[in-house]
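Residue numbers (this note's numbering), protein chains in the order written: chain A, 1 to 312; chain B, 313 to 624; chain C, 625 to 936; chain D, 937 to 1248.
There are 4 protein chains.
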Amino acid sequence: MHAIGVDIGGTKIAAGVVDDGGRILAQSRRETDPERPGEIERAVVELVVELRQDYPIEAVGVAAAGFVSDDRATVLFAPNIAWRDYPLRERLAPHIDVPVVVENDANAAGWAEFRFGAGRDVADMIMLTVGTGLGGAIVIGSELLRGAHGVAAEIGHMRMVPDGHMCGCGHPGCWEQYASGRALTRQARAAAVAYPHRATALLELAGGDPRKIKGPYVTHVAQQGDPLGIELLAELGTWIGAGAADLVAVLDPELIVLGGGVASAGDLILEPVRAAFGDALSARGHRPEPRFALAEMRNDAGIVGAADLART
Amino acid sequence: MHAIGVDIGGTKIAAGVVDDGGRILAQSRRETDPERPGEIERAVVELVVELRQDYPIEAVGVAAAGFVSDDRATVLFAPNIAWRDYPLRERLAPHIDVPVVVENDANAAGWAEFRFGAGRDVADMIMLTVGTGLGGAIVIGSELLRGAHGVAAEIGHMRMVPDGHMCGCGHPGCWEQYASGRALTRQARAAAVAYPHRATALLELAGGDPRKIKGPYVTHVAQQGDPLGIELLAELGTWIGAGAADLVAVLDPELIVLGGGVASAGDLILEPVRAAFGDALSARGHRPEPRFALAEMRNDAGIVGAADLART
Amino acid sequence: MHAIGVDIGGTKIAAGVVDDGGRILAQSRRETDPERPGEIERAVVELVVELRQDYPIEAVGVAAAGFVSDDRATVLFAPNIAWRDYPLRERLAPHIDVPVVVENDANAAGWAEFRFGAGRDVADMIMLTVGTGLGGAIVIGSELLRGAHGVAAEIGHMRMVPDGHMCGCGHPGCWEQYASGRALTRQARAAAVAYPHRATALLELAGGDPRKIKGPYVTHVAQQGDPLGIELLAELGTWIGAGAADLVAVLDPELIVLGGGVASAGDLILEPVRAAFGDALSARGHRPEPRFALAEMRNDAGIVGAADLART
Amino acid sequence: MHAIGVDIGGTKIAAGVVDDGGRILAQSRRETDPERPGEIERAVVELVVELRQDYPIEAVGVAAAGFVSDDRATVLFAPNIAWRDYPLRERLAPHIDVPVVVENDANAAGWAEFRFGAGRDVADMIMLTVGTGLGGAIVIGSELLRGAHGVAAEIGHMRMVPDGHMCGCGHPGCWEQYASGRALTRQARAAAVAYPHRATALLELAGGDPRKIKGPYVTHVAQQGDPLGIELLAELGTWIGAGAADLVAVLDPELIVLGGGVASAGDLILEPVRAAFGDALSARGHRPEPRFALAEMRNDAGIVGAADLART
């Protein structure tokens, strides 16, 4: 049977009809204002109404950045939307006559990779979504790890560096501050200030102003062979790999999937991740190790995963 | 039905008959030489033969420090015993006519707490065993987390401090180097060198020689109100709490059990753990939190857990 | 004889006639645009002309934030003004018929304390100017330490934390990122996000918005007994004291003077500085230690020091 | 005129007659027991008596590891010899009829380089003596920096890593724990545990036992092209260079001289030092920089420097 997956971002909502093979049969989207929860709900309902005209559906899964309660009904906290202990399922259910569930967006994306992407052949995997921030999803024994309260896999807030970079969460040294697109941008800008003669390629793209350097510029120049760009991706990869070694010490997965915008750098990021992971893994050689893979699904992973989770 | 649990330490082996309520009905022990695997096996078999004379048993669980394969048969690596890819179950099975399984010792101890101790009312818990080193056990959905290859929950080797104290595993900054009895001893000795006037109580117990200070001395003087002792336990607790916040970010458990020798300090260690955990937990106030508790079972937890795991 | 001291800030220039006892006899100021070096020079000349109408002067000292060449003529680099290898003395000299020298502003302020303030009785001192950033001045054997190229005492850029907070200079972990008004503001805002229930006093001053908290609010609430404010100042003081211990290991001064805006917190900052210094100083008890004192001169220290240095 | 320099080590004393060009004209040595100060003094006197038979001398300089008072008379504290507030000059003077001064050994060695070695053409230099530990000497304006109390230039105890490796001084993260022969040994042993397949060359020299690896083995295999050896020296050099950048921020010298046993690795250590220094130096490109050089004098630097300092 089909299900609808809805991916609520900060400024737009994307939704799609997904079959039980993870294929998106139809898709639509709306712009929204993160400060107006009511507007977001109306848009979700409209998208569901629109999409189910042509397809029979059995369930709706709604994914959003934030903590979701373990009964998949309430958004406890969302960093980018004005939801605090917000009964999102209860608000949507009266307008949608199939079951509705709410999911964390990184969990949804990771689940899509597990079911239909890079993780489809394993039972235990971790997905690292390295986008603007750093999200995670954990699958153990073919089940999504939700935790006792629904808020597991918030890996971006493991502390990697005591007294390190201050995170938006108010704590220093979070992994997200070292392993994210935002970190890549910060490091690139700093490098352009500290070593301008090595940053000519980056500075050219940024019109000469270090403050205008963006993360994707780094990937771009690295792919053209720029040494600083390659080094910056390697530094990013080093932090991803070091943190992955921590997660592997705890979880011992079979596979680690690297996704998010940074994954578009391909081997330029994956190789340093693997190398740093190998350097950091305790008892290497005395224990089996996970494989690493790039995510196979792209921006639609949230829709596919939310839909699939809604069916279960 | 009853089962026998065997706990193989570095220099001695303890075994007991355990009923299905976690009670030890009979117990025995042997000294052994960690360099002689054959001798260890003979001792295990002797203990089993001795103990089952008076009790019917259905299974034997053998716990030891080290990585154990996911089929619970092979010790991949043991830090303190000369086992490398060692088929321990295969070596024991011909001599024991009930099923034998091999388990990691920290997993066994954690499982005992989960089934019969501080965790008996929860489904998701983490046990931190702060002894000489730092071991862990993770229970998710009432099942022991073994990982894809059997080596999950090696929490002591998460990196807490880049370029930090060198661990015996060859990597710097492992959590175990900050949250263990060995760390407490190191910090106490250093404090006695750096601030001798504040370390008079500790130095008195050590005959005036900072190098002779031992971890338990710290607990002893702290319980008598010595400010440096209290401070050293608080520092230890701070590292335990900070790392616990990392684990909670990943696993979102309902309960964290603090065990091992350090737990004997009671509130002198538990309070700083709780405080540091609260300070370090990301998104505090926006998410449910686990409880903390001291372990209820003592040195026999390994026997009880190994026996109980052998039945399943 | 008298000299004129000129203190060039980012947006304003202050100047004064200073006698050989360090007293300011007359004073004046101008607003300026940091992007227009020519305008700054005209303003300096105007101020000198204005002030010397009523006083005979023998020299002019001009202080500014930045690297100054060892011949006290050229600004090699200024972070806030558009000077790069800028021959400031040469630009001013034709318009001023007494000798002109250029000095680093933190050096000027430190020299004023050494000659007329907290350091007037010692021969070896370090001044830490904890303002928005962190500046330093070093006096050895009653002489200002300029270094081989004129750029000594840039203490704010010693690295305190590998992989720490990114500094405006493009490097991570500079002391300035931990021991400055900017650091205090950052930590206060983060604390208000991470522990809002403890930050009620700070949040009230900031209209409820953590992003609007300012450093002086912390001093204000701390002086009224607010626990978080006191803790934030203590944290700042801990970093100042720890870095001071590094400087003392290198320089072994007789006195450390704490100045800048943060010094207005008095003992609320000085006590934690002393405590952290004592905890961090290697071989304590086996070596003499410096005293700590608050700066005695306030905003005019730059004028007084620049004038006095111009005479020598 | 000639002077005698005496270098008191932990287990032996070396002395020599030094002319005013820094040449050693005659030399002798004695074994000693560091626990017996009286025996050390007798040996020093004997050496002086022996050496001056053939040479007229005007002064004796005695160098030892430890804090020396600013009047060059008293050893305040020695890490390796049983001296605490020990009036060494007063104990020796009655037996030696020329002036005697006591000096810190790293200061003596640095002074020898300044006067007769790599620093003979500069006025401002820092010497880093990377032996078993890390010592320093600072020359400013052609004068040895002694500090207000005689204990300046204890650079090995600047804190490089908060919560880092514990130093023998009782504090964590001292530079000496990262930039010394002892650090090199520790890192090499750890690498051989963590990455045995990369450490075959080192392990061969150590008979297969990681615990028997010694620092000089690293230099040896590196000089033969072993990648791990080169990497370990590079890591050591990175820490030396990073700390040097801190010192340069404070002192702005013209030259940094690298000495001690590690200097025998030549470019294998000097190149990484330079590279790390360049990466870490704040405001690079906007300020003049010091040169780096290897020490030119070897084991006799302490004798030569002590003798020369005795003349001044």
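Cβ coordinates follow ideal geometry from the N, Cα and C atoms, glycine included.
For my contact list, B/Pro584 and B/Leu545 are in at a C-beta cut-off of 8 Å; report their separation, rounded to the angstrom.
7 Å
Contact between the segment 1177-1190 of chain D and the segment 769-778 of chain C is defined here as three or more beta-carbon pairs at a separation below 8 Å; is this criterion met?
yes
For D/Phe1013 and B/Leu636, the rounded distance between their alpha carbons:
Residue 636 of chain B lies beyond the residue range present for chain B, which begins at 313 and ends at 624; the question has no answer from this structure.
Buried or exposed: which applies to D/Val880, given that a residue is buried once 16 or more other Cβ atoms fall within 10 Å of its Cβ?
One cannot answer for residue 880 of chain D here, as it falls past the ends of chain D, which runs 937 to 1248.
Residue environment, C/Asn731, which counts as buried when at least 16 other CB atoms sit within 10 Å:
Counting Cβ neighbours within 10 Å, C/Asn731 comes out buried, since at least 16 surround it.
Does chain D have any CB closer than 7 Å to the CB of C/Phe701?
yes
Under 7 Å by beta carbon: chain A residues contacting D/Arg1134:
Under the 7 Å cutoff, chain A gives no residues; its nearest Cβ is about 10 Å from D/Arg1134.
Can you grab the Cα-Cα spacing for the pair B/Ala315 / B/Ile615, in whole Å?
10 Å
Output needed in chain order: residues of the segment 780-799 of chain C with a Cβ under 9 Å from some Cβ in chain A.
Met784, Val785, Pro786, Asp787, Gly788, His789, Met790, Cys791, Gly792, Cys793, Gly794, His795, Pro796, Gly797
Spell out the partners DSSP gives B/Asn416 in its beta bridges.
B/Ala376
Mind checking if B/Arg432 is an interface residue toward chain D, Cβ cutoff 7 Å exclusive?
no
Quick one, are the C-beta atoms of A/Ala306 and A/Ala63 less than 7 Å apart?
yes
Using three-state DSSP, classify D/Asp1203 as helix, strand or coil.
helix
Just the C-alpha distance for B/Arg348 and B/Val387, rounded to the nearest angstrom, thanks.
So the alpha carbons of these two residues sit roughly 15 Å apart.
Shorter than 7 Å from the beta carbon of A/Arg30 to some beta carbon of chain C?
no
Any C-beta of chain C sitting closer than 7 Å to the C-beta of D/Gly1009?
As written in the sequence, residue 1009 of chain D is Ala, which differs from the Gly given in the question. It does not; no Cβ of chain C falls within 7 Å.
Own chain residues within Cβ distance below 6 Å of B/Asp417, not counting five before or after
Ala375, Ala376, Ala377, Gly614
Using beta-carbon positions only, say whether B/Gly468 and B/Gly476 come within less than 7 Å of one another.
no
Please classify A/His171 as buried or exposed, where buried requires at least 16 neighbouring CB atoms within 10 angstroms.
buried
Given a cut-off of 7 Å, decide if D/Ala1045 and D/Thr1065 are closer than it, judged by their beta-carbon atoms.
Taking 7 Å as the cut-off, the beta carbon of D/Thr1065 is found closer than this to the beta carbon of D/Ala1045.
Who are the neighbours of D/Ile1166 on chain C, taking C-beta pairs under 9 Å?
Result: empty, since nearest Cβ-Cβ is about 22 Å, beyond 9 Å.
Could you name the residues of the same chain whose beta carbon sits closer than 7 Å to that of D/Gln1123, not counting the 5 residues immediately before and after it, in chain order?
Leu1168, Glu1171
Should B/Arg396 be flagged as near chain D, meaning a C-beta pair shorter than 7 Å?
B/Arg396 does not count as touching chain D.
Consider the Cβ of B/Ala588: report whether some Cβ of chain D lies at a distance smaller than 7 Å.
no
I'd like to check one pair, B/Ala371 with B/Val410: are the Cβ atoms closer than 7 Å?
With contacts defined as CB atoms closer than 7 Å, B/Val410 and B/Ala371 qualify as a contacting pair.
With A/Val48 as the anchor, note down where its alpha helix (DSSP H) starts and where it stops.
37-52
Near-chain C residues of the segment 1063-1097 of chain D (beta-carbon distance less than 9 Å), N- to C-terminal order:
Gly1072, Ile1074, Ile1076, Gly1077, Glu1079, Leu1081, Arg1082, Gly1083, Ala1084, His1085, Gly1086, Val1087, Ala1088, Ala1089, Glu1090, Ile1091, Gly1092, His1093, Met1094, Arg1095, Met1096, Val1097
Beta-carbon neighbours of C/Arg713, restricted to chain D and to distances below 9 Å
Scanning chain D for C-beta atoms nearer than 9 Å to the C-beta of C/Arg713 yields nothing, as the closest lies near 18 Å away.
May I ask you to verify whether the segment 806-824 of chain C touches the segment 837-845 of chain C, counting CB pairs closer than 8 Å and requiring at least 3?
Contact holds: three or more Cβ-Cβ distances are below 8 Å.
Name the chain A residues that come within less than 7 Å of C/Ala869, Cβ to Cβ?
Going along chain A, no residue has its Cβ under 7 Å from C/Ala869, so there is no contact; the nearest lies around 16 Å.
Where DSSP assigns a beta bridge to B/Arg255, which residues make up the other side?
Given a span of 313 to 624 for chain B in the structure shown, any question on residue 255 of chain B remains unanswerable.
Span separating the alpha-carbon of A/Ala183 from that of C/Ser888:
Roughly 35 Å separates the two Cα atoms.
Quick check on DSSP: helix, strand or coil for B/Lys526?
coil
Between the Cα of D/Leu961 and those of D/Asp1236, D/Arg1247, D/Thr1248, spot the shortest distance and give me the residue it belongs to.
Ranking D/Asp1236, D/Arg1247, D/Thr1248 by Cα distance to D/Leu961 puts D/Asp1236 first.
Sorted by chain position, which residues of the same chain lie with C-beta nearer than 6 Å to A/Arg298's C-beta, five sequence neighbours on each side aside?
none
Compare the Cα-Cα distances from A/Ala201 to each of A/Asp226, A/Pro79, A/Ile40 and report the closest residue.
A/Asp226
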